[in-house]
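> Okay, here's the structure, questions in a sec.
Number of protein chains: 2
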Amino acid sequence: MTVMKDKIVSLADKLIRIKGFNAFSYKDIADPLAVKNAAVHYHFPSKADLGIAVVKEEMDRFQHNVQRWQELPEDEQLAHLFDVFRRHCYAGNVCLMGSLAPDYETLTPPMQDKINDMAEAIVEWVTAVLENGRNNKRFHFKGSAGDRALLVISNLQSSLLLARVMGPETFDRISRQLLEDLRS
Amino acid sequence: MTVMKDKIVSLADKLIRIKGFNAFSYKDIADPLAVKNAAVHYHFPSKADLGIAVVKEEMDRFQHNVQRWQELPEDEQLAHLFDVFRRHCYAGNVCLMGSLAPDYETLTPPMQDKINDMAEAIVEWVTAVLENGRNNKRFHFKGSAGDRALLVISNLQSSLLLARVMGPETFDRISRQLLEDLRS
DNA sequence: GTCTATATTCCGATAGAC
DNA sequence: GTCTATCGGAATATAGAC
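If you're matching them up, the sequences are chains A and B in order. If you number the first sequence the way our numbering does, the last residue is 185 and the count never jumps. If you number the second sequence the way our numbering does, the last residue is 185 and the count never jumps.
Listed below in structure tokens is the structure:
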């Protein structure tokens, strides 16, 4: 991945989180990077190509993070994930899934597939962390780890959306209560 | 509200939930109603006017519903709200907040204000229902009713987003576990 | 209230020179 | 790899006839 390609993907990531996939344009990428839109098209011929690259980079980041965390106790692993979301919140971002899911029906099938992969990866990881954490008495919750993982993920996702409308303290209130629920 | 105005608002509501506010056009409204886009502009000069009308109608529907439910036990009131979301889920819709929150930064200030009002109304109602329901021993939960309301709302919202990507059974898994948590 | 017609702007995308 | 230039299309919005 060249430097310019990486800059484009990073900026596109930011734009998707701030304005949404259908609301940003090649011009929004080209202008800040001081190039013409044709240069962006050279690296990513279609907008869907760019969208897929953004999701792919997010998944790489995620896999890299969970690998770094894998020796920690499960509650600390989950706390690290919350912290990633908290930083997004205070940067004014929503999460990639929270931005792309509403636009899902307008996206190309290859991009939809990548989003499916991302959802599956996150659910799988949170499920395993909750399952192992319960076995280690670090988490306490009722029901299956899979269902609980869906609840946790949906709260993380929506807390960023609500925070955009109601202010960032909304995120803190939700995440604090959520972690407390799992602790006892 | 004339018949045509009402048809336009209903269709716009559906389009916002399916494609998102920035992805639908006046043509998407005009064609199915067999009129020209100028006719739509006559009723709603700008797209923001139309967006505000959609949010206003949703708030009216909500206020009308909660009024119908107000004599019921609190757990049944909340179950009715879940049912509204469940029907949206199986119609392929996301909720209005879930669609508009990611686009928030691209919207006009008057439309942002209306979305703020909608968020406040829902949070206020769910908070009161949870508070009263706990007093009546129909709900059991830790923490403040306000924080718990945020968790409930965020789960309802995100479960529709996740359902779009992962299938409608995702909604059922989340809502079932959520109601069970509140019951015991 | 709805129409035709059009103004204006912007978008994604491509061709071809450098 | 980036540029200039442009194509084709679609979007929001308005003017004026009916």
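Don't be surprised by glycine CBs; every beta carbon is placed ideally from N, CA and C. These numbers were taken from a predicted model, which means no experiment stands behind them.
Just to confirm my understanding: we take residue 55 of chain B, look at its own chain, exclude 5 residues before and 5 after, and list those with CB closer than 8 angstroms. What are they?
Residue numbering aside, residue 55 of chain B sits at position 54 when the second sequence is read from its first letter. Answer for residue 55 of chain B: 10, 13, 14, 17, 97, listed in chain order.
> Determine which residues of the region 113 to 140 of chain A have a Cβ less than 9 angstroms from any Cβ of chain B, and write them out in chain order.
Within the region 113 to 140 of chain A, the qualifying residues are 113, 116, 117, 119, 120, 121, 124.
> Once you ignore the five residues that flank residue 139 of chain A on each side, which residues in its own chain have a CB closer than 7 angstroms to its CB?
Taking the first residue of the first sequence as 1, we reach residue 139 of chain A at position 138. 74, 75, 76, listed in sequence order.
> Put residue 2 of chain A into one of helix, strand or coil per three-state DSSP.
Working through the first sequence from its first residue, we reach residue 2 of chain A at position 1. Note: residue 2 of chain A maps to coil in three-state DSSP.
> Taking 8 angstroms as the cut-off, decide whether the C-beta atoms of residue 176 of chain B and residue 160 of chain B are in contact.
Position 175 of the second sequence holds residue 176 of chain B. Position 159 of the second sequence holds residue 160 of chain B. Going by C-beta atoms, residue 176 of chain B is nearer than 8 angstroms to residue 160 of chain B.
> Do residue 19 of chain B and residue 170 of chain A have their C-beta atoms within less than 8 angstroms of each other?
Taking the second sequence and counting its residues from 1, the one referred to as residue 19 of chain B is at position 18. Taking the first sequence and counting its residues from 1, the one referred to as residue 170 of chain A is at position 169. Not in contact: residue 19 of chain B and residue 170 of chain A (Cβ atoms no closer than 8 angstroms).
> Between the region 141 to 156 of chain A and chain B, which residues of the former have a C-beta closer than 9 angstroms to a C-beta of the latter?
The residues in question are 142, 143, 144, 145, 147, 148, 149, 151, 152, 154, 155, 156.
> Taking Cβ to Cβ, would you say residue 151 of chain A is nearer than 8 angstroms to residue 163 of chain B?
Taking the first residue of the first sequence as position 1, residue 151 of chain A is located at position 150. Taking the first residue of the second sequence as position 1, residue 163 of chain B is located at position 162. Yes, the Cβ-Cβ distance between residue 151 of chain A and residue 163 of chain B is below 8 angstroms.
> Buried or exposed: residue 78 of chain B, going by 16 or more other Cβ atoms within 10 Å of its Cβ?
What you label residue 78 of chain B is simply residue 77 of the second sequence in a count that begins at 1. That one is buried.
> Closest by CA to residue 30 of chain B, which one among B/61, B/91, B/143, B/8?
Locating residue 30 of chain B in the second sequence gives position 29, counting from the first residue. Per the Cα distances, B/8.
> Which class does residue 141 of chain A belong to by DSSP, given the choice of helix, strand or coil?
In the first sequence, residue 141 of chain A corresponds to position 140, counting from 1. DSSP places residue 141 of chain A in coil when its eight states are reduced to three.
> When you compare the CB of residue 109 of chain B with every CB in chain A, is at least one pair closer than 8 angstroms?
As a first step, residue 109 of chain B is located in the second sequence; it is residue number 108 there, counting from the start. Residue 109 of chain B does not count as touching chain A.
> Below 8 angstroms on the Cβ atoms is my contact criterion, and I expect residue 128 of chain A with residue 146 of chain A to pass it. Report the Cβ-Cβ distance as a whole number of Å.
Taking the first residue of the first sequence as 1, we reach residue 128 of chain A at position 127. Taking the first residue of the first sequence as 1, we reach residue 146 of chain A at position 145. Indeed they touch by this definition, with Cβ atoms about 5 angstroms apart.
> Report the three-state DSSP secondary structure of residue 73 of chain B (helix, strand or coil).
Taking the first residue of the second sequence as position 1, residue 73 of chain B is located at position 72. The answer is coil: DSSP assigns residue 73 of chain B none of H, G, I, E or B.
> What are the complete alpha helix (DSSP H) segments, minimum 4 residues, inside the region 88 to 117 of chain B?
DSSP runs (the alpha helix (DSSP H)) wholly in the region 88 to 117 of chain B: 97 to 101.
> Let's test the definition: count the other Cβ atoms within 10 Å of the Cβ of residue 112 of chain B and tell me whether it reaches 16, buried, or not, exposed.
The residue given as residue 112 of chain B occupies position 111 in the second sequence. So residue 112 of chain B counts as buried.
> Ignore the nearest five residues each way along the sequence and tell me which others in residue 99 of chain B's own chain have a CB closer than 8 angstroms to its CB.
Numbered from its first residue, the second sequence carries residue 99 of chain B at position 98. Once the five neighbours on either side are set aside, the close Cβ partners of residue 99 of chain B are 158, 159, 161, 162.
> Rounded to a whole number of angstroms, what is the C-alpha to C-alpha distance between residue 92 of chain A and residue 3 of chain B?
Numbered from its first residue, the first sequence carries residue 92 of chain A at position 91. Numbered from its first residue, the second sequence carries residue 3 of chain B at position 2. Near 44 angstroms, if we compare the C-alpha coordinates of residue 3 of chain B and residue 92 of chain A.
> How many angstroms separate the CA atom of residue 167 of chain A from the CA atom of residue 41 of chain A?
As a position in the first sequence, residue 167 of chain A is number 166, starting the count at 1. As a position in the first sequence, residue 41 of chain A is number 40, starting the count at 1. Computed Cα separation, rounded: 35 angstroms.
> Are the C-beta atoms of residue 174 of chain B and some chain A residue less than 8 angstroms apart?
On the second sequence, residue 174 of chain B is found 173 positions in, with the first residue counted as 1. Closer than 8 angstroms to some Cβ of chain A, the Cβ of residue 174 of chain B qualifies, so yes.
> Closer than 9 angstroms, Cβ to Cβ, to anything on chain B: give me those residues from the region 67 to 99 of chain A, in chain order.
Correct list: 93, 95, 98, 99.
> What first and last residue would you give for the alpha helix (DSSP H) that runs through residue 23 of chain A?
Locating residue 23 of chain A in the first sequence gives position 22, counting from the first residue. Run containing residue 23 of chain A: none; DSSP gives neither H nor E here.
> Short check: CB of residue 57 of chain B to CB of residue 115 of chain B, under 8 angstroms?
Locating residue 57 of chain B in the second sequence gives position 56, where the first residue counts as 1. Locating residue 115 of chain B in the second sequence gives position 114, where the first residue counts as 1. In contact: residue 57 of chain B and residue 115 of chain B (Cβ atoms closer than 8 angstroms).
> Just to confirm the assignment, what range does the alpha helix (DSSP H) spanning residue 164 of chain A have?
Here residue 164 of chain A corresponds to residue number 163 of the first sequence, with the count starting at 1. Looking at the DSSP string, the run of the alpha helix (DSSP H) that includes residue 164 of chain A is 146 to 167.
> Using a Cβ cut-off of 8 angstroms, pull out every chain A residue sitting near residue 24 of chain B, in sequence order please.
The sequence position of residue 24 of chain B within the second sequence is 23, counting from 1. Chain A residues near residue 24 of chain B: 23, 104, 107.
> Starting from the Cα of residue 130 of chain A, find the closest Cα among A/181, A/52, A/70 and give me that residue.
If you number the first sequence from 1, residue 130 of chain A lands on position 129. When each option's Cα is compared against that of residue 130 of chain A, the closest is A/70.
> Counting C-beta neighbours from all protein chains within 10 Å, is the total for residue 144 of chain A 16 or more, i.e. buried, or is it exposed?
Here residue 144 of chain A refers to the residue found at position 143 of the first sequence. When all chains shown are included, residue 144 of chain A counts as exposed.
> Alpha carbon to alpha carbon, what distance is there between residue 179 of chain A and residue 153 of chain A?
If you number the first sequence from 1, residue 153 of chain A lands on position 152. If you number the first sequence from 1, residue 179 of chain A lands on position 178. Whole-angstrom Cα-Cα distance: 7 angstroms.
> Using DSSP with H/G/I as helix, E/B as strand and the rest coil, what is residue 33 of chain B?
Start at 1 with the first residue of the second sequence, and residue 33 of chain B comes out as number 32. Three-state result, residue 33 of chain B: helix.
> Are the C-beta of residue 47 of chain A and some C-beta of chain B separated by less than 8 angstroms?
For this step, residue 47 of chain A is matched to residue 46 along the first sequence. Output row for residue 47 of chain A: interface = no.
> Taking Cβ positions only, does residue 59 of chain A come closer than 8 angstroms to chain B?
For the purposes of this step, residue 59 of chain A is identified with residue 58 of the first sequence, where counting begins at 1. No, because no Cβ of chain B sits closer than 8 angstroms to the Cβ of residue 59 of chain A.
> Does any residue of chain B have a CB that is nearer than 8 angstroms to the CB of residue 55 of chain A?
Counted from its first residue, the first sequence places residue 55 of chain A at position 54. No, its Cβ sits nowhere closer than 8 angstroms to a Cβ of chain B.
> Can you tell which of B/39, B/183, B/109 has its C-alpha closest to the C-alpha of residue 132 of chain B?
Translated into the one-based positions of the second sequence, residue 132 of chain B becomes position 131. If we check each option's Cα against that of residue 132 of chain B, B/183 comes out closest.
> Is any beta-carbon of chain A found at less than 8 angstroms from that of residue 167 of chain B?
By one-based count along the second sequence, residue 167 of chain B stands at place 166. Yes, its Cβ sits closer than 8 angstroms to a Cβ of chain A.
> In its own chain, which residues sit with a C-beta less than 7 angstroms from the C-beta of residue 67 of chain A, not counting the 5 before and 5 after it?
Here residue 67 of chain A refers to the residue found at position 66 of the first sequence. Result list for residue 67 of chain A: 126, in chain order.
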